[in-house]
Amino acid sequence: MAGQHARLSPSSAHRWLNCPGCIALCHDVESKPSTYAQEGTVAHDLAARCLRNGFDAKKYQAHWGWCNVAGASGVQSDRPNAGGAYVTEIDQEMIDAVQSYLDHVRALGGDAMHVETRFRVAEHLWGTVDCCIRDDLEGVLHVLDYKHGQGVIVEAEENPQLMIYALGAISATQVEGLYDQVRIHIVQPRAAQSDGAPKTWDIGTDELLRWRDEVLMPGAERALAEGAARQAGPWCRFCDGLHLCPEIEAEALASAQQTFAEVPADPAAEISLPAPTELPPGKLGRVLDFLALLEPWAKAVREHAYDRAHKGEQIPGHKLVRTQNRRSWSDKRKAEGALVGPLRSKAYKTDVVTPAQAEKALKAAGWSKDQIQEFLGDLVSTKQHTAVVPESDKRPALSTGADKFKTADLDAEDWLN
Ligand code: SF4
1 MAGQHARLSP SSAHRWLNCP GCIALCHDVE SKPSTYAQEG TVAHDLAARC LRNGFDAKKY
61 QAHWGWCNVA GASGVQSDRP NAGGAYVTEI DQEMIDAVQS YLDHVRALGG DAMHVETRFR
121 VAEHLWGTVD CCIRDDLEGV LHVLDYKHGQ GVIVEAEENP QLMIYALGAI SATQVEGLYD
181 QVRIHIVQPR AAQSDGAPKT WDIGTDELLR WRDEVLMPGA ERALAEGAAR QAGPWCRFCD
241 GLHLCPEIEA EALASAQQTF AEVPADPAAE ISLPAPTELP PGKLGRVLDF LALLEPWAKA
301 VREHAYDRAH KGEQIPGHKL VRTQNRRSWS DKRKAEGALV GPLRSKAYKT DVVTPAQAEK
361 ALKAAGWSKD QIQEFLGDLV STKQHTAVVP ESDKRPALST GADKFKTADL DAEDWLN
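With the numbering used here, letter number 388 in the sequence shown gets 388, and the count goes up by one each step, no holes.
Set out below in structure tokens:
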């Protein structure tokens, strides 16, 4: 396969199926993986290593993980020489998260396991399935995807990325025509706003193959066609071309004009924004839609301006300055070795584990579920978290009658998520 990344990558399938023109727009845009994405690459490497070798994640405690922009990654016991690569220490949080995935995979049993299997569905459309398991007795092909991220909760149902992985798993394991059912699993143990429990979705292989022929292939063809149309929507959030997309610019302008009727025609005139308390409910909804569009765009523009300023470009009215230095250990373990002599126990800060970590540790120590529940009982308090999201969100709406919620129970940040 030429190149490290597919032009039509499965992970952005939701975007290019909805906005075919994004492939052409992003063609020359340098894609820079975020720190979160790089941490996810290391966690995937760790998980694959454990599955292949039959280890638990704790085997790699205090090891170092690294990955580079070419897509290579590794785990080793001594701190790698970064040389431009991303390097991170494998901490307890990563070990716990990866172990949850390993436990889920291993509990499935099955007849044959394929780890990190490369596949190709069509020209320019290929990828790697984290894990697939053939269960000949049940006639089910399990397709597993590990998500290390915690900010965006990923659903298994009708997820095109996962459906492509399922197609890839069918072809890579050569079971087309042998299995009636594919079970897609997403394991996202650190997912915020959820209990991190794995999610599954079953789809018949006939239905999956029909989706490939009727939706995926025509969509892939549209995305590669010259002059493909662009369409803005929620999928724009992680688009590499967000900062230069004419659709976003037009949408933002139209949305601003609809939202703030008082936007003056003269672009030089000062814009005054209404106070949030003065917005009637209808307008509040429109402002929230506008912000959903504007916030990721503003972030992309800032990052892009920062890159250009760093390359020496002058941005009228702006300049690059030094900000406050943030100090950190260049080698944490070396620092630990040096500090433990003069500082002894003061070289460390300790904190009590979270309820989830306590549960896990007690379970590992042989406690039953009932014993753990009884023991933790009153020690744990559960806070109600809520957020205002678009109506299209799959979670059921809460009834917010005055008697159901006490505002004192809600954090302002809940409403800002
Ligand atoms: S920002 Fe949105 S509309 Fe523009 S190319 Fe990307 S996905 Fe398409």
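Backbone N, C-alpha and C fix where the C-beta goes; we use that ideal spot for every residue, glycine too.
Leaving aside the five residues that flank tyrosine 179 on each side, the residues in its chain whose CB is nearer than 7 Å to its CB run, in chain order, Gly139, Val140, Leu141, Thr205.
Using a 10 angstroms sphere on the CB of glutamate 30, the tally of other CB atoms stays under 16, which defines it as exposed. Put simply, of Gln150, Leu108, Pro160 the residue whose alpha carbon is nearest the alpha carbon of leucine 209 is Pro160. Every alpha helix (DSSP H) stretch that sits fully inside the stretch 61-119 and reaches 4 residues is listed by chain position as 92-107. Take leucine 279, set aside five residues on each side of it, and the residues of its chain with a beta-carbon closer than 8 Å to its own are Val287, in chain order. Here tryptophan 329 is exposed, its C-beta having fewer than 16 other C-beta atoms within 10 Å. The beta carbon of glycine 21 sits closer than 7 Å to the beta carbons of Ala228, Ala229, Arg230 from its chain, once the five residues preceding and following it are set aside; these are given in chain order. A residue is called buried when at least 16 other Cβ atoms come within 10 angstroms of its Cβ; threonine 35 does not meet this threshold and is exposed. When the Cα atoms are used, asparagine 18 and tryptophan 235 turn out to be separated by approximately 8 Å.
Considering only Val389, Gln324, Cys245, the residue with the shortest C-alpha distance to aspartate 28 is Cys245. Contact between leucine 108 and aspartate 56 is ruled out by a C-beta separation of about 17 Å, above the 8 Å threshold.
When DSSP reads this structure, aspartate 135 sits in a beta bridge with Val140. Contact check for arginine 15 against alanine 97 fails: the beta carbons are separated by 8 Å or more. For valine 42, the three-state secondary structure derived from DSSP is helix. Taking every protein chain shown into account, the CB of phenylalanine 119 has 16 or more other CB atoms within 10 angstroms, so this residue is buried.
Taking each of Glu116, Gln373, Pro316, Leu253 in turn and checking the Cα distance to aspartate 145, the smallest one comes out for Glu116. In this structure, the alpha-carbon of leucine 8 lies about 20 Å from that of valine 143.
For valine 187, the enclosing beta strand (DSSP E) begins and ends at 181-187.
Valine 121 and isoleucine 186 have their C-alpha atoms some 21 Å from each other. Here glutamate 207 is not near lysine 394, since their CB atoms are 8 Å or more apart. Around glutamate 303, the same chain offers no residue with a beta carbon nearer than 6 Å, after the five sequence neighbours per side are excluded.
Burial state of aspartate 45 is buried, judged by a 10 Å Cβ sphere holding 16 or more other Cβ atoms. Aspartate 202 and methionine 113 have their C-alpha atoms roughly 19 Å apart.
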